[in-house]
DNA sequence: GCGCTACTATCTGACAGTAAGATAAACTGA
DNA sequence: TCAGTTTATCTTACTGTCAGATAGTAGCGC
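And the structure:
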């Protein structure tokens, strides 16, 4: 009974489907009287607009004219030389994931590096505007320069690390809290009893101490682990670590950096025979280790998808409330852990 | 020079566009040799799949011709009568936010209630398929029936509460962990010194103890608060609360339920004169209280937007990795707190 | 009154990927 | 040999949009 398409509606009115389409979208091409007649008929016949078809067509038509449908800028806040080597692989995979997703959605990616070797924020702003770029994806970075000077009302933006405050835009990152539970469950199953957490203070502070908080609360609700106070250091250093290791006697060490593994070996630990080492981000290790894969490429991918949806729905500028999308991580077996006992 | 439609690709191969389309989706209708030939050509010519067109067409062709609609199902797992009164408002606002967002994007929403008063999961499955519905938004619920029996390869789904496991689909919810930091910072600024946390065990367990973990870790990195052990109860009960309140002497109580406020008054506390009460979800309180607005309508809105983007990019089924999108909460002043000292 | 321009209102056609059903060719079995 | 089945491919219809085509009218000059 109900009319399901502009064509059918047009047939009943003796008009062409385009006139009806234009009328429904209040185009100035259509005479006012015709518009009213179309709107009335649409109501009467219970016509229901199909948003998917509309989106498809407007995308197609726009795209065919401009050849490229608005590029997306991928911004590296630091430049490769400033970044410590250990972060390079993680960083690169975020970028690759983002590029893959962009390609799939028909976007072209342009890469910009800020920082000492790169361009300034002011320069970036004018480049982006002059090229008509509407989407900005920001790669993870240790430091966070103030990007609030960019004219955000022109852009949609997504950050690929834990929430950024200047400005507070939507972000996509690992689910650190949940990941710690995943690690602890695994270690428990493997038979470890004295897990010890070692971390850069600054590293955990950026994510509101989620690693440490999850580590601590886990002990409250799971028996079988001996509670060893985490070692949180301003700088990861040999002396403090070795003292802690000697005093607390962990049977497995959780850490991002695998220099800690070297120090363990120097203290006479056999890995994995007598002690375990669990890396909290295996993409930071140049050698095979057991631990967490934080899925950087998936982070990049999802960030790009989110950016696409922001652009698509025309939501630019600083959001009223910045959301954080978190991606679970997966366990990776490796030579630094074994089944105990 | 890139080929960007199945038709153009088909022309170059001397095939019909449907054969190419079928081949690209690995349909058994197409001969293996032809498939390989098509895939090779697609790679060579740089063919780009258009997910929006795919989503549109599969939606259109599926279901009966008459009932084709771009509709979205909003599913209440429990039914209103089963839900405790205190959750009603929060629940309703999630729904309203979702409906508002759907309207804005041109989708029509159909509402389904499961549970004792409602339909069964099996029935839901067949209704959704027969109506050609492709998007499912699941409202927050205390219990979580097993939805993995739905034929998810036909649907895109988003859950509006903390991660759901059967099945693990993308979810949108409050950032509980961050919210606790917001609360603690506020209370510190107001001059409180002895915050005490009271909570249903089951409530916090569902979100992996995030409230408690954040509460505990906050004390580690912020001086000025006296550390009072949280009261985690199987059931919120007067006796346990009053004993805990008497023993630990908090000057401000953090809790979801405001029956606790009544118990405090019964014990002789004057609120806000001698003691403070901070509600962790003001939408659960029938009377004005200070505390957190978890922004349920924004949760519904963002969930619907995410669902929309899943449908547009034709991503249905259980995702490989389920993401969790978290929304910050905002502080609400109220008559149960005051500036101290 | 004819041709020209300018403008308005409406129409034509192409476009995306899908799926049901049609067609055609090859093969099977009595 | 021919009816029946299987396999591979094709035809057709479907959504809303937009650039460009077309048709109709009006105004103006000669």
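Chains as they are written, first to last, in this note's numbering: chain Z, 168 to 508; chain G, 168 to 508.
From the three backbone atoms N, C-alpha and C, an ideal C-beta is built for every residue, glycine too.
One alpha carbon belongs to residue 369 of chain Z, the other to residue 375 of chain Z, and they sit about 10 Å apart. Chain G has no Cβ within less than 9 Å of the Cβ of residue 367 of chain Z. Taking the C-beta atoms as reference points, residue 170 of chain G is found no nearer than 9 Å to residue 188 of chain G.
Of all residues in the region 347-372 of chain G, only 348, 372 come within less than 9 Å of chain Z when Cβ atoms are compared, listed by chain position. About 11 Å separates the Cβ atoms of residue 382 of chain Z and residue 354 of chain Z, ruling out a contact at the 8 Å cut-off. Of the residues Z:226, Z:327, Z:181, the one whose Cα lies closest to the Cα of residue 478 of chain Z is Z:226. Taking the CA atoms as reference points, residue 280 of chain G sits about 28 Å from residue 492 of chain Z. By the 16-neighbour rule on beta-carbons within 10 angstroms, residue 426 of chain G is exposed.
Taking a C-beta distance under 9 Å as the contact criterion, residue 471 of chain G and residue 269 of chain G qualify as a contact pair. Counting only unbroken stretches of 3 or more residues, the beta strand (DSSP E) elements lying wholly within the region 267-318 of chain G are 275-280, 302-305, in sequence order. By the C-beta criterion, the region 294-306 of chain G is judged not to be in contact with the region 248-268 of chain Z, since fewer than 3 inter-stretch pairs fall below 8 Å.
Following the DSSP letters along the chain, one finds residue 239 of chain Z inside the beta strand (DSSP E) bounded by residues 239-243.
Rounded to the nearest whole angstrom, the CA to CA distance from residue 302 of chain Z to residue 224 of chain G is 28 Å. With a 10 Å radius around the Cβ and a threshold of 16 neighbouring Cβ atoms, residue 453 of chain G comes out exposed. One finds nothing in chain Z with a Cβ atom closer than 9 Å to the Cβ of residue 307 of chain G; even the nearest lies about 17 Å away. Following the DSSP letters along the chain, one finds residue 187 of chain Z inside the alpha helix (DSSP H) bounded by residues 184-191. Shown here for residue 300 of chain G: same chain residues with a beta carbon closer than 6 Å to its own, the five before and five after excluded, namely 238, 240 in chain order. If you look at residue 457 of chain Z, you'll find it in the beta strand (DSSP E) that goes 457-460.
When the beta-carbon positions are compared, residue 483 of chain Z and residue 320 of chain Z come within less than 9 Å of each other. Residue 475 of chain Z belongs to the set of residues whose beta carbon lies under 9 Å from a beta carbon in chain G. Straight-line spacing of the CA atoms in residue 198 of chain G and residue 206 of chain G works out to 12 Å.
For residue 302 of chain Z, the nearest beta carbon of chain G is not closer than 9 Å to its own beta carbon. In terms of CA proximity to residue 455 of chain G, G:445 leads the group G:445, G:196, G:462, G:464. Under a criterion of Cβ atoms nearer than 8 Å, no residue of chain Z is adjacent to residue 327 of chain G; the nearest Cβ is some 13 Å distant.
With its beta carbon at least 9 Å from every one in chain G, residue 332 of chain Z lies outside the interface. Here the C-alpha atom of residue 420 of chain Z lies approximately 39 Å from the C-alpha atom of residue 315 of chain Z. Closer than 9 Å to the CB of residue 220 of chain G there is at least one CB belonging to chain Z. With a 10 Å radius around the Cβ and a threshold of 16 neighbouring Cβ atoms, residue 475 of chain Z comes out buried.
Secondary structure of residue 391 of chain Z (DSSP, three-state): coil.
In the DSSP assignment, residue 346 of chain Z forms no beta bridge with any residue. Residue pairing by DSSP puts residue 326 of chain G in a beta bridge opposite G:305, G:338. Not a single C-beta of chain Z is nearer than 9 Å to the C-beta of residue 391 of chain G. C-alpha of residue 264 of chain Z to C-alpha of residue 214 of chain G: approximately 19 Å in a straight line. Under the DSSP assignment, residue 254 of chain G falls outside any beta strand (DSSP E); it carries neither an H nor an E label. In this model, residue 437 of chain G and residue 362 of chain G are separated by some 16 Å (Cα to Cα). For residue 398 of chain Z, the three-state secondary structure derived from DSSP is strand.
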